[in-house]
Amino acid sequence: MNHRSLYGRFRAPLSIMATTTVAAALLAASIGPASAGKPSAPPQRKPTVVLVHGAFADSTSWNGVVKKLQREGYPVVAAANPLRGLSSDAAYLKHLLASIDGPVVLAGHSYGGSVITDAAHGAGNVKALVYVAAFIPDKGESALSLSEKFPGSTLGSALRPVPIALPDGSEETDYYIDQAEFHHQFAADVPENTADLMAVTQRPVTASALGEGASEPAWKTIPSWALVATEDLNIPVRTQIFMAERARSHITEVRASHAVSVSHPDAVADIIEKAARTVG
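The numbering of the sequence shown is the working numbering, which starts it at 22 and goes up by one.
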């Protein structure tokens, strides 16, 4: 048998096999898997965390907390709290909250707790409140009245008053913590060189802001978490626990000074994340 005859015997079957293979491949490509052509669901966006500092601090007091939250994929805004008056500070924050799309976890430190309590009332996108060594006032209560509710605060003797004039010509008083007292009073567990910088860059708060009573509190309708700083010399531990229990907050105690967001940023971020994970 010559080569031509041998080729002829196998040519037809090979052609049929090749045609069948190509057709099967085209059919598979046209049909594809059952999910082909369907858009995949976008990953669920995490809630935005808004951080509100208190008196004698600024937004940089949240730096360590911000870093951890951002590593975990949370959008973060550290608000600049004016510290001029509770109602005006809350109104400022309320406008900021209204500019944020999607759900918000709102955290406040110290006097910032009073501000978030007022600002979150009626703010539909705020889904959780986090109080970090913070005031949690009921209606009519001020930071000043709450700080005096139980003994233990030594803040009063460390304050330095500075008279100021307001734009309308009226007189007001700004309060600073004396720089020589700042490390012990505000940030005893923070390295001394860091505390010294914090003392120099501290933001003063007006007497009116500390003395103004809160409006309707948001914690009555929004779930809350509270970090209690057990070595706090500004807000007595007993006061922090009283307010947190009254608000039915999820309470975590941390052995820390009032500046817990600086000395224990991971612990603060962890509590904020716990609150955030409850937000659907």
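Quick reminder that beta carbons are idealized off the backbone N, C-alpha and C, glycines included. Keep in mind that this is a model prediction, so the values were computed, not measured.
Beta-carbon proximity of residue i to residue j, cut-off 8 Å
i: ALA360; j: VAL281; result: The shown model of the chain, from 22 to 301, leaves out residue 360, and the question about it has no answer.
i: VAL97; j: VAL125; result: no
i: ILE292; j: VAL151; result: yes
i: LYS160; j: THR260; result: no
i: ALA101; j: SER131; result: no
i: GLN200; j: VAL221; result: yes
i: VAL275; j: GLY173; result: no
i: THR242; j: GLN206; result: no
Whole-number beta carbon distance between residue j and residue i, since they are thought to touch under 8 Å
i: LEU104; j: ALA149; result: That pair is no contact at about 24 Å.
i: GLU233; j: SER108; result: 7 Å
i: ALA179; j: ILE198; result: 5 Å
i: PRO286; j: VAL86; result: 5 Å
i: LEU167; j: MET264; result: 7 Å
i: SER245; j: ALA268; result: 5 Å
i: LYS89; j: ALA290; result: 4 Å
Residue closest to residue i, alpha-carbon to alpha-carbon, out of the options
i: GLY106; options: VAL126, ALA140 and THR299; result: ALA140
i: ALA277; options: HIS271, ALA268 and ALA288; result: ALA288
i: SER163; options: GLY94, SER108, VAL258 and ALA235; result: ALA235
i: LEU248; options: LEU114, ALA111 and ILE272; result: ILE272
i: GLY145; options: ILE157, SER120, LEU167 and GLU93; result: SER120
i: ARG66; options: ASP122, PHE207 and VAL258; result: ASP122
i: HIS204; options: GLU192, SER191 and LEU218; result: LEU218
i: ASN214; options: PHE156, SER284, LEU254 and TYR95; result: SER284
i: SER270; options: VAL226, ILE157 and LYS88; result: ILE157
i: HIS279; options: TYR95, TYR113, GLY129 and ALA186; result: GLY129
i: LEU254; options: GLY177, ALA186, TYR113 and GLN91; result: GLY177
Reduced DSSP category for residue i - H, G, I as helix; E, B as strand; rest coil
i: LEU167; result: helix
i: LEU117; result: helix
i: ILE272; result: strand
i: ALA179; result: helix
i: ASP287; result: helix
i: TYR357; result: One cannot answer for residue 357 here, as it falls past the ends of the chain, which runs 22 to 301.
i: LEU231; result: helix
i: VAL151; result: strand
i: THR41; result: Low confidence applies here, because THR41 scores a pLDDT of 38, under 50, leaving its location unreliable; read the following figure in that light. The answer is helix: DSSP assigns THR41 an H, G or I state.
i: THR215; result: helix
i: VAL87; result: helix
i: ILE185; result: strand
i: LEU104; result: coil
i: GLU202; result: helix
i: ASP79; result: coil
i: THR251; result: coil
i: GLU237; result: coil
i: ASP159; result: coil
i: SER245; result: strand
i: GLU266; result: helix
i: VAL281; result: helix
i: THR138; result: helix
i: ILE293; result: helix
i: VAL300; result: coil
i: ASP110; result: helix
Contacts around residue i, its chain only, beta-carbon distance under 7 Å, and the 5 residues preceding and following it disregarded
i: GLY29; result: Because GLY29 sits at a pLDDT of 40, beneath the cut-off of 50, its placement in the model cannot be relied upon, and the following sentence gives the value as read from the coordinates. Here the set comprises nothing.
i: TRP83; result: LEU72, HIS74, ALA99 and SER282
i: ASP79; result: THR222 and ARG224
i: ALA111; result: VAL136, ASP139 and ALA140
i: GLU294; result: GLU93
i: LYS115; result: ALA140 and ALA144
i: GLU202; result: ALA179
i: TYR113; result: PRO103
Contact set for residue i: own chain, Cβ-Cβ below 8 Å, skip 5 residues either direction
i: VAL300; result: PRO68, PRO124, VAL126, LYS148 and ALA149
i: ALA230; result: ALA76, LEU104, ARG105, GLY106, LEU107, ASP110, TYR132 and ALA164
i: LEU118; result: VAL71, VAL125, LEU127, ALA140, ALA141, ALA144, ASN146 and VAL147
i: ILE262; result: VAL249 and ILE272
Cutoff 6 Å; reference residue i; Cβ partners in own chain excluding five residues on either side
i: HIS142; result: GLU237 and ALA239
i: THR189; result: According to the sequence shown, residue 189 is Asp rather than Thr. Cβ within range, chain order: n/a, list empty.
i: ALA228; result: THR194
i: ARG181; result: TYR197 and ASP199
i: GLY134; result: TYR152, ALA155, PHE156 and ILE157
Residue i at chain B interface by Cβ criterion, 8 Å
i: ALA288; result: In the displayed structure, chain B is absent; only one protein chain is listed.
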